[in-house]
Amino acid sequence: MEVEEGASVGVGGGKIKVGVCVMEKKVSSSPMGQILDRLESFGEFEILHFRDKVILEDPIESWPICDCLIAFHSSGYPLEKAQAYAALRKPFLVNELDPQYLLHDRRKVYEHLEMYGIPVPRYACVNRKVPNEDLDYFVEEEDFVEVNGERFWKPFVEKPVNGDDHSIMIYYPSSAGGGMKELFRKIGNRSSEFHPDVRRVRREGSFIYEEFMSTGGTDVKVYTVGPEYAHAEARKSPVVDGVVMRNTDGKEVRYPVLLTPAEKQMARQLCIAFRQTVCGFDLLRSEGCSYVCDVNGWSFVKNSYKYYDDAACVLRKMCLDAKAPHLSSTLPPTLPWKFNKPIQSNKGLTRQGNGQSEELRCVIAVIRHGDRTPKQKVKLNVTEEKLLNLMLKYNGGKPRAETKLKSAVQLQDLLDATRMLVPRTRPGRESDSDPEDLEHAEKLRQVKAVLEEGGNFSGIYRKVQLKPMKWDGEGEKERPVEALMILKYGGVLTHAGRKQAEELGRFFRYNMYPGEGTGLLRLHSTYRHDLKIYSSDEGRVQMSAAAFAKGLLDLEGQLTPILVYPSFLLYCWCLICNVIRCLLIMSLSFLLLKVSLVSKDSSMLDGLDTASTEMEAAKARLNEIVTCGKKMINEHGSSEEFPWMTDGAGVPPNANELLRELVTLTKNVTEQVRILAMDEKENLTEQYDMYDQAKALGKTNIDSDRIASGLPCGSEGFLLMFARWIKLARDLYNERKDRFDITQIPDIYDSCKYDLLHNSHLGLQGLDELFKVAQLLADGVIPNEYGINPQQKLKIGSKVARRLMGKILIDLRNTREEAMSVAELKEQHVSLSLSSSKKHQDKNISPKRDDLRRPGTGDKDEDDDDKETKYRLDPKYANVKTPERHVRTRLYFTSESHIHSLMNVLRYCNLDESLQGEESLISQNALERLFKTKELDYMSYIVLRLFENTEVSLEDPKRFRIELTFSRGADLSPLEEKNDDEAESLMREHTLPIMGPERLQEVGSCLTLETMEKMVHPFAMPPEDFPPASAPVGFSGYFSKSAAVLERLVKLFHSYKNSSSDGKS
């Protein structure tokens, strides 16, 4: 019989036929349906489903004819029959069929992985021809097995060589009580069982023994769609307790995670090695290294619409490349099943640069956190024995050592102690007490209320310090008798703050990167986007970073900056009953560990200690200006031409009068809140809720029921709300001394803004007026706290942001080095035919280029970014339209102080003595706008984008151009213009929009990277002062393999693709 070839494609409007030769059970799965529906919606494909009856009973000659074939093995699937069909019809195979036999044997999988240089755990094979066969090379002792002289100490892993057998055992050492844990495919909510009496390994078949690798209780699942795309998710490991962690919808909880450059390379090579376009595999991350421990073949991500979109787009391109290449060059700017539109105005941004010759190379953004609750503090001296004993419990029994309580267990202990103390000082028993006792009782109730807030502990938002103040006794008998307790709380990112951060991330995705709306995602999924996110140590900042990343990368799932996962905790219980007996019990209790998904760097993004002296001097001078109206013109310019050059610029001329008005209005609001607090029933703060980790992740939406019942927004009760306002009223003005504390102005403004946005339903009279007065004063006070004049602002800014500025320069230099390396490679390709003398001449030029790239740095003190540059894929292997387009993104999330400090360095750096005569980095027009800006509110940001002009020579400074933009952050106009419909809608949602970016340079100007470096270098930490990089330890061996091996693998993959397409055309 004559072989009938696949149907013609693209002739007469015919669609490409995609055959799905898969068992019906697999086809009916939600991921498969979601992806096939998307593929079909492009309008270029016709999906043909091969039914089970066809696959199992009909001859291959009668099977539907297709152009592209999706076929993969599963239980009962006739793989040989599918191979025969592929040989007959010669369709394009999405997943090759021959290599699928490898996946049935774990020995062959490991051998194949090693052949392609992909790291696997240390392992050995025990092969038996018959069950219980004795082997002279296999030895088993109590705490180890030995295979061919290679010893595996317990705990070790035992896997059947049969890839379809998922009964995997882990054997534990006798020192931990022994026993075995069996891992298996999920059954209900179980994925493993512990068997304490099983201590001997299995002998009824062939097994692989491998080293147990500690992963902190987390597994990583990686899903490829071709060698250029990989999606990864982390989940709770079955090794922990065997209980499957599920969300409220009953789905297993998984977190999207970013792969390292090394892991991306492993995913690429694995896809090439097994010739499986759609392929899943398991990754173990242990002690800085990553290993592949299992390859699953055809696998899809569950419950991720973002992944379904990506997979459909990648599969579409592959099929079109094979059967209709003239249609595959473009991706529809709007996906057929989804409509995307950007938010905010992007008029301050250059989309692609100045002309087609410019390419975006780097995006660096320093971003303030989102909307938060007001930060608060309670101080009280304590002499109670319970509290003093608690201090000793957590400081190791040292009577003079300070104690910090932050964990859930520590705060629960403090709450238990406080609950026992508070009842003694309740209203009704205070009539005979003196004012100090009453104040102490009030503060204890406030501590109790704060600790009980929300019914859970989230340590990053509440922390307590206990500092010993007085002692009794000497030597070993010395004990503290009085301590200062400082409770810091509040500053929690609100539901509005999370929404702001996520929307800003979405705005960056659409407007900061080249190409259509999917430009960033395309860069990211094809490994040409090098992303790192840094955060300060504060919880609200970490949460803002996580929410921003969710919007930036179009991620799904729960929002949290930390993964909390369990690890084993070994309990030794000594049981005494007539005779002493010791019983070791392996417990599956949890030790909570916090592992940050966002890199935390408190030394770079936290704290003001480096400039504390200068800031105190600035505040003292500011106090004179605000209370007495004393101003002074700076020597660098007149107040008319340069109003920002005066001391205390921006402080209203009638500040002293406004201060007294502020005191009156604050007292008025405080009294209203006091009345509300008196009506609040005490049992609202008597909830004895234990710590609940799920609740501690925080709320993401407004609690409508709570607001409808007339309670404050969030978890703050009226008692805490009153404590917030009474403290502000007392601290702002001391009536006895007739003294103002102007440092309270920002806090009052903060509280006004919060209550106007989140508690307007309480109807506090005079709050609007208080907000206007506080805003006038805060607009003058806040900017001047970071320097009373430009010289002082520059000095303080350079100290606070010195490390951050240094890191930004390193980011820019690394980007330039990488871009120039790519340009040199392209030049080398062009000049291959030139004479050797010409090559020698080129070589002599290179030292000058090195000087351009990294002035003052050496190999010894390289930043971790340098190391990652070495690991990055060679652009010539990228198999994309613009392989040279590689974008580095560095996001730094911080607080208001660092935003102000960095902005002050950028705008006033030319005032330094070493830069006299240089023009400012900021245009005159932008300086005037910055002076009028006053406040850099929540989600304000500064962005530096580096462009490369590829038509300019490498030595020309204009090859690399910097674009500076900033945003003022949250738009306060809805608070000021409540009559507007849009404003009312935003107020109902308790959310303020984020203002779009504004240019800091004139349109058409060219700020070169060389000029930028020269101007900010005096205020930046030198690279050699940075601590050694804590980079991917253990990856060096993997990446030390020669480039020839990588090239061989790539050529192998391309040759297989070409031969396949030749036979299927």
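First residue of the sequence shown: 1, per full-length UniProt numbering; consecutive thereafter. Cβ atoms here follow ideal geometry from the backbone N, Cα and C, with glycine treated the same way.
Here the region 908-918 does not lie against the region 763-781, with fewer than 3 beta-carbon pairs under 8 Å apart.
DSSP places Thr933 in the uninterrupted alpha helix (DSSP H) bounded by 924-933. Counting only unbroken stretches of 4 or more residues, the alpha helix (DSSP H) elements lying wholly within the UniProt domain "VIP1 N-terminal" (16-105) are 24-27, 30-41, 52-57, 79-89, in sequence order.
Straight through space, the alpha carbons of Gly280 and Gln265 are spaced by roughly 15 Å. Looking from the CA of Lys181, the closest CA among Ile170, Ser175, Ser174 belongs to Ile170. Our two residues, Phe740 and Leu662, have alpha carbons roughly 11 Å apart in a direct line. Looking at the backbone, the Cα of Asn303 and that of Leu36 are separated by about 15 Å.
Out of Leu946, Arg445, Phe966, the CA that lies nearest to the CA of Arg959 is found in Leu946.
Assigned with DSSP and collapsed to three states, Tyr908 falls in helix. Boundaries cannot be given for Pro652, as no beta strand (DSSP E) includes it and DSSP labels it neither H nor E. DSSP places Asp164 in the coil class of the three-state scheme, outside both helix and strand. A straight-line Cα-Cα distance of about 6 Å links Asp52 and Glu24.
The residues Pro160, Glu182, Phe184, in chain order, have a CB closer than 7 Å to that of Ser167 in the same chain once the five nearest residues on each side in sequence are set aside. As the crow flies, the alpha-carbon of Met903 is around 17 Å from that of Val781. For Phe893, there is no enclosing alpha helix (DSSP H); the residue is found in the beta strand (DSSP E) stretching over 887-894. Taking Tyr786 as the centre and dropping the five residues before and after it, the same chain places the C-beta of Met615, Ala618, Lys793, Ile796, Gly797, Val800, Ser897, His900, Ser901, Asn904 closer than 8 Å to its C-beta, in chain order. Taking a 10 Å sphere around the C-beta of Ala620, we find fewer than 16 other C-beta atoms and assign the residue as exposed. Going by DSSP, Ala273 is part of the alpha helix (DSSP H) stretching over 261-274. CA-CA distance, Lys807 to Pro1023, rounds to 8 Å. In terms of CA proximity to Val669, Arg724 leads the group Trp153, Asp309, Pro652, Arg724. A straight line joining the alpha-carbon of Leu320 with that of Val492 spans about 50 Å. Per the DSSP secondary-structure output, Phe281 pairs in a beta bridge with Val222, Val295. The continuous stretches of alpha helix (DSSP H) do not include Leu258, and DSSP gives it neither H nor E. Taking a C-beta distance under 8 Å as the contact criterion, Tyr209 and Ala82 do not qualify as a contact pair. Shown here for Asp731: same chain residues with a beta carbon closer than 6 Å to its own, the five before and five after excluded, namely Asp741, Gln744 in chain order.
Between Gly475 and Glu385, the alpha-carbon positions lie close to 20 Å from each other. Runs of alpha helix (DSSP H) with 4 or more residues, each lying fully within the region 367-443, are found at 385-394, 408-421, listed in chain order. At a Cβ-Cβ threshold of 8 Å, Lys488 and Lys377 count as neighbours. Counted as a single uninterrupted DSSP element, the beta strand (DSSP E) harbouring Phe960 occupies residues 960-967. For Glu976, the three-state secondary structure derived from DSSP is helix. Per DSSP, the beta-bridge partners of Ala230 are Thr224. Ser751 places its beta carbon 8 Å or farther from that of Leu720. Secondary structure note for Tyr116: it is in no beta strand (DSSP E), with a DSSP letter that is neither H nor E. The beta carbon of His1017 sits closer than 8 Å to those of Leu809, all from its chain and outside the five residues before and after it, given in chain order. An exposed status is given to Gln916, since fewer than 16 other beta-carbon atoms sit within 10 Å of its beta-carbon. The beta carbons of Glu538 and Ser895 sit about 7 Å from each other, so the pair counts as a contact at 8 Å.
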